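Residue numbers (the numbering used here): 5 to 368.
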């Protein structure tokens with residue numbers, strides 16, 4: 005049912021927009037057909053990306069095709085909203101019929117509006133927000149720790165090596181004791197990640213990196229993702245733990261995509277039986293579901309990502325209602341959570357009503 009809706013809704017939206025474009029533009033049928041064809045072709049690139057059709061063409065061309073295809077879904081969303089508002093205005097007699105038919109001024113106005121929205125969205129995406137966070141332990145720690153946290157890098161066609169290098173510089177500037185990444189480091193295809201030798205950038209990080217898998221690592225292929233993490237020097241934790249200074253335990257969960265992953269309670273109980281002085285427990289879990297289970301297991305802090313907080317408004321309204329916490333800090337009993345909206349992103353490079361971020365935490 006969901007798959008059918010995912011396929012049908014975009015087709016309905018494309019038909020709706022195409023009709024409005026056809027009756028609005030004061031151009032010949034040839035020009036209107038060409039404009040609609042460009043729109044349909046752009047949207048088709050989105051599905052070609054899902055089928056990995058870009059892996060066999062030159063990298064620069066593949067990157068451009070990816071950007072056009074994934075941006076088209078957001079353009080489609082905003083065009084649907086604009087035309088729905090105009091149609092509603094006509095129904096209540098606030099918008100004259102002449103505004104909607106053979107009116108170049110209306111078409112130009114819509115174009116300028118969209119251009120302004122997406123220029124702003126792109127600039128806002130490229131502005132990475134530094135989020136400070138305090139983490140207080142009720143248990144004794146040998147010293148204070150500075151931790152940089154991130155999620156959803158989505159490196160690949162979308163975020164190339166040049167962009168990754170900028171993020172590495174930003175993280176190094178914080179001089180953290182260690183770095184946590186809550187999944188979706190890889191966007192989908194391994195081809196651009198390997199061709200641009202992006203693993204080399206992670207070796208420039210001046211602190212240990214601990215990470216868990218995200219759902220996009222499953223899309224790219226877990227074996228290839230594991231090898232990349234190894235080549236990059238990232239400590240990948242899949243239902244396992246790492247210990248820092250004999251006092252901080254970092255548990256990385258397998259992604260929820262694997263329905264047979266171990267329950268968080270079993271992971272914590274296993275550690276309690278092996279480590280006598282388990283002081284502070286941090287969990288990396290890409291998708292922020294079932295937060296009550298982390299609380300019941302006695303976890304001190306959990307870092308998640310995945311939601312992007314919808315990336316653009318009004319999708320952010322939907323994610324805010326789908327998740328107990330779709331973004332930001334959250335407290336459940338003695339367990340502290342942070343759900344990151346991501347430093348990178350999937351899809352078009354636009355942030356409208358949300359932010360691209362990295363977290364700089366102090367654990368006291």
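The C-beta atom is built at its ideal place from N, Cα and C for all residues, glycine as well. What you are looking at is a predicted structure, and each value in this text was computed from that prediction instead of being measured.
By a beta-carbon distance limit of 8 Å, residue 363 contacts residue 137. Their separation comes to about 5 Å.
Three or more beta-carbon pairs separated by less than 8 Å are not found between the region 204-216 and the region 72-91, which leaves the two stretches without contact. The region 224-237 makes no contact with the region 125-137: fewer than 3 CB pairs, one atom from each, lie closer than 8 Å. Here the C-alpha atom of residue 349 lies approximately 28 Å from the C-alpha atom of residue 19. Per DSSP, the continuous beta strand (DSSP E) segment holding residue 153 begins and ends at 149-154. In the structure shown, residue 107 adopts coil according to DSSP, grouped into three states. Cα atoms of residue 250 and residue 148: separation of roughly 14 Å, rounded to the nearest angstrom. One alpha carbon belongs to residue 329, the other to residue 292, and they sit about 7 Å apart. Distance from the CA atom of residue 48 to the CA atom of residue 60, rounded to whole angstroms, is 17 Å. Rounded to the nearest angstrom, the gap between the Cα atoms of residue 57 and residue 205 is 27 Å.
Judged by beta-carbon spacing, residue 271 lies beyond the 8 Å limit of residue 252, meaning their Cβ atoms are not closer than that value. Residue burial annotation: residue 305 is buried, with at least 16 other C-beta atoms found within 10 angstroms of its C-beta.
At a Cβ-Cβ threshold of 8 Å, residue 347 and residue 301 do not count as neighbours. In the assembly as shown, residue 124 is an exposed residue. Its beta-carbon has fewer than 16 other beta-carbons within 10 Å. In the three-state DSSP reduction, residue 231 falls in the helix class (H, G or I).
Annotation for residue 215: the continuous beta strand (DSSP E) segment containing it runs 213-215.
Classified as buried, residue 314 has 16 or more neighbouring CB atoms from the shown chains inside 10 Å of its CB. One thing to note: residue 210 has its Cβ within 8 Å of the Cβ of residue 176. By the Cβ rule, the region 155-164 counts as touching the region 185-201, because three or more pairs are nearer than 8 Å. Residue environment for residue 140: exposed (fewer than 16 other C-beta atoms within 10 angstroms of its C-beta).
Sequence-distant partners of residue 219 (beyond 5 residues in either direction) whose C-beta falls short of 6 Å from its own C-beta, in its chain, are 259 and 261. Three or more Cβ pairs drawn from the region 22-42 and the region 97-111 lie within less than 8 Å of each other, which places the two stretches in contact. Counted as a single uninterrupted DSSP element, the stretch harbouring residue 367 is not any alpha helix (DSSP H) but the beta strand (DSSP E) occupying residues 360-367.
If you keep only unbroken alpha helix (DSSP H) runs of at least 4 residues inside the region 172-211, you get 195-199 and 203-206. A buried status is given to residue 353, since no fewer than 16 other beta-carbon atoms sit within 10 Å of its beta-carbon.
Taking C-alpha positions only, residue 172 is separated from residue 113 by approximately 40 Å.
For residue 323, the enclosing alpha helix (DSSP H) has its first and last residue at 319-326.
Going by C-alpha positions, residue 243 is about 10 Å away from residue 289. Its chain contains no residue whose beta carbon lies nearer than 6 Å to that of residue 225 once the 5 sequence neighbours on both sides are disregarded. Leaving aside the five residues that flank residue 307 on each side, the residues in its chain whose CB is nearer than 6 Å to its CB run, in chain order, 153, 184, 186, 288 and 342.
With a 10 Å radius around the Cβ and a threshold of 16 neighbouring Cβ atoms, residue 180 comes out buried.
Around the beta carbon of residue 53, a 10 Å sphere encloses 16 or more other beta carbons of the protein chains shown; the residue is thus reported as buried. Judged by their CB atoms, residue 164 and residue 200 are nearer to each other than the 8 Å cut-off.
In this structure, 359 is the residue among 202, 359, 208 and 37 with its C-alpha nearest to the C-alpha of residue 129.
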